[in-house]
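Visitor:
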Amino acid sequence: MVSKEQNKRGALHEKLKILRSVTHSHAGDKVSIIADASSYIKELKQKIAKLSQEMASSSPQHATTGVCQQQPSSSSEVVVDGGLIIDAHAVEQAVVQAIKNCPAN
157 MVSKEQNKRG ALHEKLKILR SVTHSHAGDK VSIIADASSY IKELKQKIAK LSQEMASSSP
217 QHATTGVCQQ QPSSSSEVVV DGGLIIDAHA VEQAVVQAIK NCPAN
């Protein structure tokens, strides 16, 4: 029967193999695999920063209006063109009230 400790070691070994392959590491020991992964993450962060900077400088309209629009704070809020946030529930109530106030044809 396989002990819990052996299961944990096996799971850790599998995760290290995955980490090694994802980060393109050629290291053999655990410490080196983790060090390579840390370096890889730093490289990715630098690439993201560089790409974000390139996007901001290559598109002046995005630099002034913002690439990322503000996110709604609740599920009833909706972001419309231009980044304006409206409350969908309030709009629905206003439409229903307008229909009720409209004279029947």
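In terms of my numbering, the sequence shown is residues 157 to 261. Virtual Cβ for every residue (Gly too), placed ideally from N, Cα, C. Remember, predicted model here, so these are calculated numbers, not experimental data.
(1) Tell whether a beta-carbon distance below 7 Å holds between Ile-189 and Ala-183.
(2) So Ala-193 and Thr-179 are supposed to be a Cβ contact under 8 Å. How far apart are they, rounded?
(3) Output the boundary residues of the alpha helix (DSSP H) element that contains Met-211.
(4) Could you tell me the distance, in whole angstroms, from the CA atom of Ala-212 to the CA atom of Lys-206?
Guide: Taking the geometry as given:
(1) Position 33 of the sequence shown, counted from the first residue, corresponds to residue 189. Position 27 of the sequence shown, counted from the first residue, corresponds to residue 183. Their beta carbons are under 7 Å apart, which means Ile-189 touches Ala-183 by this criterion.
(2) Position 37 of the sequence shown holds residue 193. Position 23 of the sequence shown holds residue 179. So it is a contact: roughly 5 Å between Cβ atoms.
(3) Reading the sequence shown from its first residue, position 55 is the one you call residue 211. Counting along the chain, the alpha helix (DSSP H) containing Met-211 begins and ends at 186 to 214.
(4) Within the sequence shown, residue 212 is the residue found at index 56, counting from 1. Within the sequence shown, residue 206 is the residue found at index 50, counting from 1. C-alpha separation (whole angstroms): 10 Å.
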